[in-house]
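Counting in our numbering, the final residue of the sequence shown is number 1508, and the numbers go up one at a time with none missing.
Using N, Cα and C, we set each Cβ at its ideal position, and we do this for glycine too.
Each remark here refers to the structure printed beneath this line.
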Amino acid sequence: MAMVHLDRIEPLAWVEVDIEAVRHNFRELKKLVKPPTQCFAVVKADAYGHGATKVAAALLQEGATKLCVARAEEAADLRNDGIDAPILVFAPPLEGQAHFLVNSGCECVVCDTAHIENLASAARLSGKKCRVHLKVDVGMGRLGVPAEDALEFARLIMSKPELILTGVMSHFPCADMPARPLTLTQIERFRTVRQTLAGAGIESPIYHIANSAALLDYPEAHFDAVRPGISLYGQLPSLEVNGRPPLKPAMTMKSRIVFLKEVQAGTGLSYGHTYVTTRPSRIATVALGYADGYPRHASNKTRMLVRGKEVPQVGRVCMDLSLIDVTDLPDVKIGDEVVAFGRQGNAFLPAEHVARYIGTIGYELTTRYGKRLPRIFVS
């Protein structure tokens, strides 16, 4: 049997990523940062679903000074794809990962003596130095040493000849909720950590805490470097942030209509008949389901774009298919393009708005799409 070349089969559903939009967003965000503050680029989770290698290469060209990923495996993918820029790995290093991290020149986050010992041991065996960033918990409650213990841990790191204390970092839980006063308190806690270490003669590390929300709304949190993530891809971290630079969403999720039918009022649609038509209707079947990353709990709640117009999604989202009501668009035909979120001509359906309908965030929509949706890079 002859080999089938999948790249010659037109997909029924796909995502499009505009790398130029990512470049534009980085430039807009960088305008908000005063030199010499650096701009890192967070490309974890495959660049929030946008393709880590291509995004990383583009952002390095735009001036990103460091790439940030969540896990050692993500760093390995970038290294294997020829990315040799500095990479900061957020996940603390377990023993089985330390040798790779050291040998690949990654910078590592530590917040426990075990992390420090794992890296020191691996570096000693490799005959190399390892750059580390001490994570301090100023209120996130997830990872990090207590703020009052930061000096002790900094001294422990500096006592290891194999390790170089390169950074001190933290993370905000509520910076995307500007009505909450907690963020200002955490900025002061982080500033106190810096003053304490400086008072003990430790002045060389880069201090960084600002995520996308803090970059936009809290210039006093920029310190020595900022770590934009979701904003690089054209989404706001929440609809509550005050900062609104002219960002361009970089991802569009698309599919096609594969079937059309006319039904009478009172017709139940899809599993469970959770939607029953209230009028004679024209229903389109779209080749997009929860196996593709379009959430099942979006059923009967969201909208899609067809021919530049919003139409309601109706009935339960299935594994491979979903339904939309196109009664008010009589010219729609089989094969027409459907946009689940993103841009279609001059029409735009933000991922954040779709996410809000179903009680989640835009981050989840861009990172959850399935393996069978090819990613196509466009300009």
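Taking the beta strand (DSSP E) that residue i belongs to, which residues open and close that run?
i	result
A1142	A1142 to D1147
A1170	Q1167 to V1171
L1230	That residue, L1230, is in no beta strand (DSSP E); its alpha helix (DSSP H) goes E1224 to N1232.
V1443	K1438 to V1443
State yes or no: is the beta carbon of residue i nearer than 8 angstroms to at least one beta carbon in chain D?
i	result
K1438	Included in the structure is just one protein chain, with no chain D present.
For a quick check, are the C-beta atoms of residue i and residue j less than 8 angstroms apart?
i	j	result
T1431	V1483	yes
V1455	A1394	no
E1511	A1252	Missing from the structure shown is residue 1511; the chain here goes from 1130 to 1508 and no further.
L1285	T1321	no
A1354	I1335	yes
L1263	A1279	yes
V1094	C1235	The structure shown does not extend to residue 1094, since the chain spans only 1130 to 1508, so no value can be given for it.
L1389	G1418	no
P1221	L1272	yes
L1344	P1357	yes
L1248	V1231	yes
H1244	G1296	no
T1312	F1319	no
L1141	R1385	yes
P1310	N1371	no
S1399	C1447	yes
V1198	I1212	no
L1376	E1481	no
G1178	T1381	no
Reducing DSSP to helix, strand and coil, say where residue i ends up.
i	result
S1508	coil
E1139	coil
G1328	helix
V1468	strand
L1101	Only positions 1130 to 1508 of the chain appear in this structure, which leaves residue 1101 out of reach.
I1463	coil
Q1473	strand
V1151	helix
G1401	helix
Looking at the unbroken alpha helix (DSSP H) that takes in residue i, where does it start and where does it end?
i	result
D1163	Residue identity differs from the one stated: residue 1163 is Lys in this sequence, not Asp. That residue, K1163, is in no alpha helix (DSSP H); it is neither H nor E in DSSP.
R1195	As written in the sequence, residue 1195 is Lys, which differs from the Arg given in the question. It is not in any alpha helix (DSSP H) - K1195 instead sits in the beta strand (DSSP E) that spans K1195 to V1198.
L1189	A1181 to E1191
A1201	A1201 to N1209
A1484	A1480 to Y1486
L1452	No alpha helix (DSSP H) contains L1452, which is instead part of the beta strand (DSSP E) from S1451 to D1454.
T1496	G1491 to T1496
Could you check if residue i belongs to the surroundings of the ligand SAM, using beta carbon to heavy atom distance under 7 angstroms?
i	result
Y1400	Among the components of this structure there are no ligands whatsoever, and the ligand SAM is therefore not found.
Segment contact, 8 angstroms Cβ cut-off, at least three pairs: the segment 1489-1499 with the segment 1433-1450: Not touching, per the Cβ criterion.
Note down, one range per segment and in chain order, each alpha helix (DSSP H) of at least 4 residues found wholly within the segment 1339-1383. The qualifying runs are 1341-1346.
Could you say if the segment 1187-1198 and the segment 1146-1166 meet the contact criterion of at least three C-beta pairs nearer than 8 angstroms? Taking 8 angstroms as the limit for Cβ pairs, the verdict is that the segment 1146-1166 does touch the segment 1187-1198.
Could you tell me which uninterrupted alpha helix (DSSP H) segments, each at least 4 residues in length, are contained entirely in the segment 1404-1435, listed from first to last along the chain? Note on the segment 1404-1435: there is no whole alpha helix (DSSP H) run with a minimum of 4 residues.
Complete alpha helix (DSSP H) runs within the segment 1218-1303 (minimum length 4 residues, chain order): Fully enclosed alpha helix (DSSP H) runs of 4 or longer: 1224-1232, 1242-1255 and 1279-1287.
If contact is defined by three or more beta carbon pairs under 8 angstroms, each pair taking one atom from either stretch, is the segment 1192-1207 in contact with the segment 1172-1183? Per the Cβ contact rule, the segment 1172-1183 is in contact with the segment 1192-1207 (3 or more Cβ pairs under 8 angstroms).
With three or more C-beta pairs closer than 8 angstroms as the rule, is the segment 1156-1172 touching the segment 1403-1422? In short, these stretches do not touch, since the Cβ pair count stays below three.
Would the segment 1442-1462 count as touching the segment 1344-1363 if we require 3 or more Cβ pairs under 8 angstroms? By the Cβ rule, the segment 1442-1462 does not count as touching the segment 1344-1363, because fewer than three pairs are nearer than 8 angstroms.
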